[in-house]
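*Asks:* Sequential numbering from 3 applies to the sequence shown in my numbering. Where a beta carbon is used, it is the ideal one built from N, C-alpha and C, also for glycine. This one's a predicted model, so the numbers in the text were calculated from it and none came from an experiment.
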Amino acid sequence: MEIPPSESACKKLKTENGSLKIKLQDQENGNNIEKIRVGSRKSQLALFQSNFVVDLLRKHYKNIAYDIVPMSTTGDKILNVALSKIGEKSLFTKELEIALEKREVDVVVHSLKDLPTTLPPGMVIGAICQRENPFDVVVFSPDCKCSHLKDLPKGSIVGTSSLRRIAQLGRVFPQLTFESIRGNLNTRLRKLDEDKNYSALIIAAAGLIRLDLEHRIGMILKPEECMYAVGQGALAIECRESDVQTIELLSQISDKNTTLRCIAERSFMKSLEGGCSVPIAVNSSIDKNEKLTLCGGVFSLDGSKSIIEELSVDLKPTKPFQFQVKKHYAAIVAPHLSHNILSKAESLGKDLADLFLEKGAEAILKEARGTTA
Ligand code: DPM
Numbered sequence: 003m004e005i006p007p008s009e010s011a012c013k014k015l016k017t018e019n020g021s022l023k024i025k026l027q028d029q030e031n032g033n034n035i036e037k038i039r040v041g042s043r044k045s046q047l048a049l050f051q052s053n054f055v056v057d058l059l060r061k062h063y064k065n066i067a068y069d070i071v072p073m074s075t076t077g078d079k080i081l082n083v084a085l086s087k088i089g090e091k092s093l094f095t096k097e098l099e100i101a102l103e104k105r106e107v108d109v110v111v112h113s114l115k116d117l118p119t120t121l122p123p124g125m126v127i128g129a130i131c132q133r134e135n136p137f138d139v140v141v142f143s144p145d146c147k148c149s150h151l152k153d154l155p156k157g158s159i160v161g162t163s164s165l166r167r168i169a170q171l172g173r174v175f176p177q178l179t180f181e182s183i184r185g186n187l188n189t190r191l192r193k194l195d196e197d198k199n200y201s202a203l204i205i206a207a208a209g210l211i212r213l214d215l216e217h218r219i220g221m222i223l224k225p226e227e228c229m230y231a232v233g234q235g236a237l238a239i240e241c242r243e244s245d246v247q248t249i250e251l252l253s254q255i256s257d258k259n260t261t262l263r264c265i266a267e268r269s270f271m272k273s274l275e276g277g278c279s280v281p282i283a284v285n286s287s288i289d290k291n292e293k294l295t296l297c298g299g300v301f302s303l304d305g306s307k308s309i310i311e312e313l314s315v316d317l318k319p320t321k322p323f324q325f326q327v328k329k330h331y332a333a334i335v336a337p338h339l340s341h342n343i344l345s346k347a348e349s350l351g352k353d354l355a356d357l358f359l360e361k362g363a364e365a366i367l368k369e370a371r372g373t374t375a
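And the structure:
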């Protein structure tokens with residue numbers, strides 16, 4: 003049986019060094035933070051996500067004031083270059099992380115899939131919220147009468163700049179031509195509706211659902227057609243590793259199963275040294291018997307070579323609650339969960355990556371990296 007850490011154990015955590023902002027009050031509410039400043043990108047989706055997290059926090063901590071601080075990132079500024087060509091790993095996160103480091107903000111809300119597996123020194127993912135649908139979907143142009151990618155005429159142009167999507171979908175739908183499309187979700191949909199160049203777009207279901215655009219989903223891609231990106235559909239809250247008060251507070255909005263799945267996925271990607279410049283995809287689940295299954299895929303850019311393998315682990319605790327604060331698992335901290343199960347999830351990702359390396363994944367990845375570098 004897993005026993006959560008006691009109140010008194012939580013209180014033993016050190017407070018952040020020299021943080022004058024934090025005043026000891028509101029003890030009744032179980033925390034002593036007065037205000038939380040939330041760094042966010044400026045896009046409609048990013049602001050929605052930041053507000054979503056603030057609403058979750060507000061349910062648990064009514065007396066804290068919340069301030070959303072919108073910022074632009076490199077990824078928002080460079081719009082005419084394919085993602086994989088920019089060669090910058092922390093494209094959508096760097097400016098926000100600088101603000102976090104300078105203590106201009108306390109937390110930053112990200113789409114987990116945009117967060118590299120290694121964060122800048124001193125930064126961690128303090129919580130991951132319950133995952134939205136992680137799959138990719140097809141949005142058809144309003145002129146297109148199709149309801150399935152297989153029905154699109156030969157040479158139809160499908161917009162996405164994700165190598166992961168192109169590599170997988172090119173195998174299943176060889177008649178299609180993939181073209182880069184950049185910009186935030188609304189910009190992409192406008193281009194699809196107005197440009198007449200694209201017959202369809204491939205987009206993450208999560209973004210559409212969050213922006214109330216579910217009606218634009220033409221088809222949901224199955225894992226046999228396209229597995230999703232590591233962390234897709236999950237929101238991550240980044241904070242300073244030393245800010246234990248914020249980490250403790252964030253644990254209230256962390257979702258256990260999403261956290262464990264994402265630790266496994268990120269550990270897989272980290273062990274393969276993958277980023278958004280190589281086609282790596284996953285599909286994970288936790289069943290009612292607490293079995294965590296991670297399926298991974300590594301593809302050559304044209305999809306001609308692939309390795310797809312899966313491994314499972316029983317997450318039922320095999321040891322009494324093991325308290326841990328400092329250690330993080332693929333940059334994720336979760337002091338309210340036992341080290342025993344967190345490390346099982348992390349090892350699953352690593353073991354799967356080892357299996358991939360045995361099966362020759364390095365050659366496929368090297369070739370993909372060489373082409374996109
Ligand atoms: C990353 C990729 C894309 C985003 C690459 C990938 C898609 C780029 C494109 C790492 N970040 O998925 O293989 O198709 O041109 C992004 C989206 C979301 C977070 C939008 C999307 C929303 C969904 C979520 C862009 N980042 O993928 O359609 O919360 O996971």
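Cβ of Ser163 versus every heavy atom of the ligand DPM: is any distance shorter than 7 Å?
*Replies:* The residue labelled residue 163 in the question sits at position 161 within the sequence shown. Yes; taking the cut-off as 7 Å, the Cβ of Ser163 has a heavy atom of the ligand DPM nearer than that.
*Asks:* Output the distance between the C-alpha atoms of Pro376 and Ala363, rounded to the nearest integer angstrom.
*Replies:* Not covered by the structure: residue 376. The range shown for the chain is 3 to 375.
*Asks:* How about Leu294 and Ser314: are their beta carbons less than 8 Å apart?
*Replies:* For the purposes of this step, residue 294 is taken as residue 292 along the sequence shown, with counting starting at 1. For the purposes of this step, residue 314 is taken as residue 312 along the sequence shown, with counting starting at 1. Yes, they are a contact pair.
*Asks:* Less than 8 Å between the C-beta atoms of Ile239 and Ile127, yes or no?
*Replies:* On the sequence shown, residue 239 is found 237 positions in, with the first residue counted as 1. On the sequence shown, residue 127 is found 125 positions in, with the first residue counted as 1. Closer than 8 Å, so yes.
*Asks:* Rounded to the nearest angstrom, how far is the Cβ of Pro337 from that of Ser253, given a contact under 8 Å?
*Replies:* Position 335 of the sequence shown, counting from 1, holds the residue named residue 337. Position 251 of the sequence shown, counting from 1, holds the residue named residue 253. At roughly 6 Å, the Cβ-Cβ gap stays under 8 Å, so Pro337 and Ser253 are in contact.
*Asks:* For a quick check, are the C-beta atoms of Val280 and Phe270 less than 8 Å apart?
*Replies:* One-based indexing of the sequence shown puts residue 280 at position 278. One-based indexing of the sequence shown puts residue 270 at position 268. Cβ distance not < 8 Å, so Val280 and Phe270 don't count as in contact.
*Asks:* Between Lys224 and Gly235, what straight-line distance do the alpha-carbon atoms span, to the nearest angstrom?
*Replies:* One-based indexing of the sequence shown puts residue 224 at position 222. One-based indexing of the sequence shown puts residue 235 at position 233. Cα-Cα distance, rounded: 15 Å.
*Asks:* Please check the pair Ser256 and Gly351, which I expect to be a contact at CB under 8 Å, by giving their CB distance rounded to whole angstroms.
*Replies:* Taking the sequence shown and counting its residues from 1, the one referred to as residue 256 is at position 254. Taking the sequence shown and counting its residues from 1, the one referred to as residue 351 is at position 349. Their Cβ separation, rounded to whole angstroms, is 18 Å, which puts Ser256 and Gly351 out of contact at 8 Å.
*Asks:* Restricting to Cα atoms, I'd like to know which of Val110, Cys297, Glu250 is closest to Ala268.
*Replies:* Here residue 268 refers to the residue found at position 266 of the sequence shown. Just to set this straight, residue 268 is Arg in the shown sequence, not Ala. Nearest of Val110, Cys297, Glu250 to Arg268, Cα basis: Cys297.
*Asks:* So, for Lys288: in the same chain, excluding its five sequence neighbours on each side, which residues have a beta-carbon less than 6 Å away from its beta-carbon?
*Replies:* Along the sequence shown, one-based indexing puts residue 288 at 286. Strictly speaking, residue 288 in this sequence is Ile, with Lys absent from that position. Within the same chain, Ile288 has close Cβ partners Asn259, Leu294.
*Asks:* Quick check on Pro136: buried or exposed, where buried means 16 or more other Cβ atoms within 10 Å of its Cβ?
*Replies:* Numbered from its first residue, the sequence shown carries residue 136 at position 134. Burial call: buried.
*Asks:* In the DSSP assignment, the alpha helix (DSSP H) including Ser349 goes from what residue to what residue?
*Replies:* Within the sequence shown, the letter at position 347 stands for residue 349. From DSSP, the alpha helix (DSSP H) with Ser349 extends over 341-360.
*Asks:* According to DSSP, simplified to helix, strand and coil, what is Ala365?
*Replies:* The sequence position of residue 365 within the sequence shown is 363, counting from 1. Helix.
*Asks:* Would you say Ile219 touches the ligand DPM, meaning its beta carbon is less than 7 Å from a heavy atom?
*Replies:* Locating residue 219 in the sequence shown gives position 217, counting from the first residue. Result no, Cβ not under 7 Å from the ligand DPM.
*Asks:* Look at the alpha carbon of Gly233 and the alpha carbon of Leu117, and state the distance between them as a whole number of angstroms.
*Replies:* Numbered from its first residue, the sequence shown carries residue 233 at position 231. Numbered from its first residue, the sequence shown carries residue 117 at position 115. Near 9 Å, if we compare the C-alpha coordinates of Leu117 and Gly233.
*Asks:* My guess is that Val160 and Ile204 are in contact by the Cβ rule of under 8 Å, so how many angstroms apart are they, rounded?
*Replies:* For the purposes of this step, residue 160 is identified with residue 158 of the sequence shown, where counting begins at 1. For the purposes of this step, residue 204 is identified with residue 202 of the sequence shown, where counting begins at 1. That belief holds up - the Cβ atoms of Val160 and Ile204 are roughly 6 Å apart, short of 8 Å.
*Asks:* Out of Leu194, Met125, Asn186, which one is the CA nearest neighbour of Ser143?
*Replies:* Residue mapping note: residue 143 aligns to position 141 of the sequence shown, counting from 1. Checked all of Leu194, Met125, Asn186; the closest Cα to Ser143 is Leu194.
*Asks:* From the DSSP output, read off the bridge partner residues of Leu296.
*Replies:* By 1-based counting over the sequence shown, the position of residue 296 is 294. Beta-bridge pairing links Leu296 to Ser286, Leu313.
*Asks:* List the DSSP bridge partners of Lys37.
*Replies:* On the sequence shown, position 35 is the one that residue 37 refers to. Its beta-bridge partners are Ala67.
*Asks:* Would you kindly work out how many angstroms separate the C-alpha atoms of Val139 and His150, rounded to a whole number?
*Replies:* Within the sequence shown, the letter at position 137 stands for residue 139. Within the sequence shown, the letter at position 148 stands for residue 150. Rounded to the nearest angstrom, the two C-alpha atoms are 11 Å apart.
*Asks:* Helix, strand or coil for Phe94? Go by DSSP, reduced to three states.
*Replies:* Working through the sequence shown from its first residue, we reach residue 94 at position 92. It is coil, neither helix nor strand.
*Asks:* Any idea what DSSP makes of Ile130, helix, strand or coil?
*Replies:* Counted from its first residue, the sequence shown places residue 130 at position 128. Three-state result, Ile130: strand.
*Asks:* Identify the continuous beta strand (DSSP E) that holds Arg218 and give its terminal residues.
*Replies:* Along the sequence shown, one-based indexing puts residue 218 at 216. First-last for Arg218: undefined, no H or E at that position.
*Asks:* Closer than 7 Å to a non-hydrogen atom of the ligand DPM - does that hold for the CB of Arg263?
*Replies:* Mapped onto the sequence shown, residue 263 falls at position 261. False, no ligand heavy atom lies under 7 Å from that Cβ.
*Asks:* Can you list, in chain order, the stretches of the beta strand (DSSP E) that have 3 or more residues and sit fully within the segment 181-261?
*Replies:* The segment 181-261 contains these whole beta strand (DSSP E) runs: 202-206, 237-242.
*Asks:* With respect to 7 Å, is the separation between the Cβ of Leu187 and the closest non-hydrogen atom of the ligand DPM below this value?
*Replies:* For the purposes of this step, residue 187 is identified with residue 185 of the sequence shown, where counting begins at 1. At least one heavy atom of the ligand DPM is nearer than 7 Å to the Cβ of Leu187, so yes.
*Asks:* For Val246 and chain D, any beta-carbon pair shorter than 8 Å?
*Replies:* Structure shown: chain D not included; a single protein chain is present.
*Asks:* Shorter than 7 Å, the distance from the beta carbon of Gly124 to the closest heavy atom of the ligand DPM, or not?
*Replies:* As a working mapping, residue 124 is identified with position 122 in the sequence shown. Flag unset: Cβ of Gly124 not near the ligand DPM.
*Asks:* Beta strand (DSSP E) containing His112: first to last residue?
*Replies:* Along the sequence shown, one-based indexing puts residue 112 at 110. That run of the beta strand (DSSP E) goes 109-113.
*Asks:* Would you say Ser113 touches the ligand DPM, meaning its beta carbon is less than 7 Å from a heavy atom?
*Replies:* Sequence index remark: in the sequence shown, residue 113 carries index 111 (1-based). For the ligand DPM, at least one heavy atom lies less than 7 Å from the Cβ of Ser113.
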